[in-house]
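Working notes, structure below.
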Amino acid sequence: MSQTTASGIAAADGVFDPHAIQAKWQQRWAQQDPFRAGGADDDRPRKYILAMFPYPSGDLHMGHAENYLYSDVVARYWRHRGYNVLNPIGWDSFGLPAENAAILRGADPREWTYANIAQQKESFHQYGVSFDWSRELHTSDPEYYRWNQWLFQRLFERGLAYRKSSPVNWCPNDQTVLANEQVVDGHCERCGAEVVKKKLTQWYFRITDYADRLLDDLDALEGHWPSKVVQMQRNWIGRSVGADIDFEIEGRADKVTVFSTRPDTLYGATFFVVAPDSDLAAELVGDAPAHVRLQFQEYLGRVQKQTDIERQSTERPKTGVFLGRYAINPVNGQRLPIWAADYVLADYGHGAVMAVPAHDQRDLDFARAFDLPVKVVVDTTTGAEGEASLAELDPTVTGQALVGEGRMVNSGALDGRGKKDAIAGMIAELEQRGSGRAATTFRLRDWLISRQRFWGTPIPMIHTDDGRIVPVPADQLPVLLPQAKDLDLKPKGQSPLGAATEWVTTTDPATGAPARRDPDTMDTFVDSSWYFLRFMSPASDAHAFPSDEAARWAPVDFYIGGVEHAILHLLYARFITKVLHDMGLVDFDEPFSSLINQGMVILDGAKMSKSKGNLVVFQDELDAHGADALRTALAFAGPVEDDKDWADVSATGATKFLARALRVAQDVATPAGADAATGDAGLRRIAHRVLADVPALVEHTKFNVVVARLMELVNATRKAIDSGVGPADPAVREAAEVTALVLDMVAPHTAEEMWSILGHEPFVGLAVWPAADEALLVEETVTAIVQIDGKVRATLEVPTAIDADELEALARDDERVQRSLAGRDIRRAVVRAPKVVSFSTK
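Residue numbers (the working numbering): 223 to 1064.
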């Protein structure tokens, strides 16, 4: 039998047609723009929801499908709660992939980039994401990157942007430098090539000036950001407290400063180590005999082929070269031979260390490799009966450094003191001698932003003939990229912009003399460090963002994206926000109040990739099942933070559920406005429990449980329709309306169709969440959810007074649970009676 719904969508023989519903509502959304954020005259409370913006390297993929589903659930939820919601979208559209693709195709990176943006934009529309499209931006537009250049010049004015020569990470494939954070296991995060060290003069942002604030302010993010991300940031910043110690070098006028967290062990220093790729090493070997210089150069060549990670590995044999020079220990006058060794890095600390081999394992391994002396200055034994004596723990015999705390020995006036007292005593002695002082250092390095590639923001500085570096005048911003067709973009170790003679040639703003533009472009992490503010006014040519709008909307209330950005992007965004705060442009100093990290979508236990042939194509799934089924299946697949194996994502099952939900609305026989209070009390209790429980579930990102509760409600409504309650009961209409309201968050097209069938004006996405009737929430029974490894596998109707043991027993005996276990053993059971049973399997 053929039927036509009240909204005009035909369904032959009751067959659910998701694509027809999808097309209908996408057209209406495009026409009426219901998700545009309200203006300054909108007095509703505000929420700023933001998903990390995509890079346009082809169409959307399944990781995007998951990320933007979650952000849309949150945005739609807060609209239902009566908030004025800002949910914008843009593209992180500069960067190496576009340039490399253009080189491969002999094309302009602009063409590749904007074609991909058009494709992704169409896919977003098909997916039903409720973006405010009026605020769309692309970081590769001059309207955007002009303000990157403005920001660079503001940092330059404040002494936070500077140039220096230092060893940098160099990708030989992409022919560009990389920040430390862009090197993953010794390889370029973009192309996978092995990274080498190269000495270059580059632009840096002085993020280390903000190291203390970046670290200390993480305390306020505890409980709002995933604890794993907070800890990763703490570890990356890596604050160490100790002392700077000044060592004289024989034959050198200036002293060399080293940092140590254990200045109390200074009496145990027996040699001195410098980084082989440091300026100091080159200077010290300069006057050495020819054979020493040759040996050093050969060693330096080997070191420059190693990554920082390789050099710091504790598993590698220690290597080094004696430089023929000596340092003087400031507390006892002992001559310490100076070695160049690869386990010391040029850009960490001061590029030199005092070696205390008895109490540092790396120093001990080096000392044993080169037969250098070892002197114990901390007695780590406690004198307990049966404990080995200090002689028996001799590091030269055991090969194990004494790294524990203890009492000082062989250390002059410090003898007998504990660690804390000894450190304070040594610092006082150094200060009295004028040979040291208390100090703090960080693992964090300044942010290297120069890139020797074309497709990025040109650095807005001018190099004059007399050696000055001055900003491009403000009225000449933006400095536009030249046409790519006029350049050879192939990597050559220097920016293609340097070969654009007409572009690079300019004049000194002060004298009018010939000068040259800086040929490098900026790291794309500059683009993404402040883009959330540009959404305030993406088309403005008057300012980067209006401070009053930033005060209204920012910081971002909920930021959603992958944990792979836990260090790079988030740290840089935090730094730039603090700089803007200090400039008086924003009234907050953390960009993202709450952070939601989602897991990956994998296939058969492995990360999806074209090369592995295990790719699930986003557009194919849309074509096969429609957006709502894909969204519902992903939401139901498991907790937000967990990886989801596509084998467990059932779009077919989701389609059946959505068809069932739509048929509930079609079967309602009660007119709109009927008094639900006269309806079936049992069904009303279930509907109002959903209304009462879903807000907390959404706010704790339990989206899979929300879908489970919807399924329960649809099943209960279907049962009521088919039983003695019947379709004309007002409780059936109420339950269908609640279903449409909640369903809007995960399956918005189907929800809109249900809402229309039920006789309501569009759009359900703007309908305000009704209050649950407290009288209906007092129940004798409750629905308990049973999860296995984070996935909902069954629901149980149980007494509210059931105890944990009884609930667990019921869950274990349930047929659906037994079927889902498939013979696996339950390793752990967490029971929160009467609502949740969670099993973890082996």
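Glycine is no exception: its CB is placed at the ideal position from the N, C-alpha and C atoms.
Counting only runs of 3 or more residues that sit fully inside the segment 393–437, the beta strand (DSSP E) segments are 398–400 and 418–427, in chain order. A direct Cα-to-Cα measurement between L856 and D897 gives close to 36 Å. The residues P240, I243, D850, L880, A883, L884 and L965, in chain order, have a CB closer than 8 Å to that of T972 in the same chain once the five nearest residues on each side in sequence are set aside. DSSP assignment within the segment 931–973 yields the following whole alpha helix (DSSP H) runs of 4 residues or more, N-terminal first: 952–965. Put simply, of K269, A245 and D294 the residue whose alpha carbon is nearest the alpha carbon of M967 is D294.
Taking the Cα positions, V1058 is about 26 Å away from D902.
M454 sits in a helix when the DSSP states are folded into three classes. Excluding its 5 nearest sequence neighbours in each direction, E288 has C-beta neighbours in its own chain below 6 Å: Q820, V823 and L856, listed in chain order. In the structure shown, L988 adopts helical secondary structure according to DSSP, grouped into three states. Within a 10 Å sphere around the beta-carbon of P485 sit 16 or more other beta-carbons, which makes this residue buried. Note on geometry: alpha-carbon atoms of G689 and S387 lie some 15 Å from one another. The beta carbons of W369 and S672 sit no closer together than 7 Å. In the structure shown, K1064 adopts coil according to DSSP, grouped into three states.
Remark: C-beta atoms of S345 and D255 do not approach each other more closely than 7 Å.
DSSP places W868 within a helical segment (H, G or I) once states are collapsed to three. P539 is classed as exposed because its beta carbon has fewer than 16 other beta carbons within 10 Å across all chains shown. If one requires a minimum length of 3 residues, the beta strand (DSSP E) runs lying completely within the segment 667–702 are 683–686 and 691–693, in chain order.
In this structure, A994 places its C-beta atom within 7 Å of the C-beta atom of A914. As a beta-bridge residue in DSSP terms, I818 pairs with I782.
Taking the Cα of L709 as reference, the smallest distance to any Cα among I325, R258 and D264 is reached at I325. Secondary structure within the segment 513–577: the alpha helix (DSSP H) runs of 4 or more consecutive residues, fully enclosed, are 530–534 (chain order). Contact between S717 and F757 fails: their C-beta atoms lie close to 30 Å from each other, not under 8 Å.
I789 sits away from M274, with the two beta carbons spaced by 7 Å or more.
With fewer than 16 other CB atoms across the displayed protein chains lying within 10 angstroms of its CB, D770 is exposed. Pairing P741 with G720 gives a Cβ-Cβ distance under 7 Å. Here G542 is buried, its C-beta having at least 16 other C-beta atoms within 10 Å.
Between the segment 493–512 and the segment 559–574, the count of Cβ pairs shorter than 8 Å is three or higher; the stretches touch. For T728, the enclosing beta strand (DSSP E) has its first and last residue at T727 to T729. With 16 or more other CB atoms across the displayed protein chains lying within 10 angstroms of its CB, S482 is buried. T1063 and R1054 do not touch by the CB rule: their CB atoms are close to 19 Å apart, not below 8 Å. Of the candidates I560, N306 and D845, N306 places its Cα closest to the Cα of D263. In terms of Cβ geometry, I459 and F664 form a close pair [threshold 7 Å]. No Cβ-Cβ contact shorter than 7 Å links W775 with Y299.
Around the C-beta of S751, 16 or more other C-beta atoms lie within 10 Å, and the residue is accordingly described as buried.
Nearest to V351 by C-alpha distance, out of Q888, V296, D1036 and P731, is V296.
Cα atoms of Y781 and L291: separation of roughly 13 Å, rounded to the nearest angstrom.
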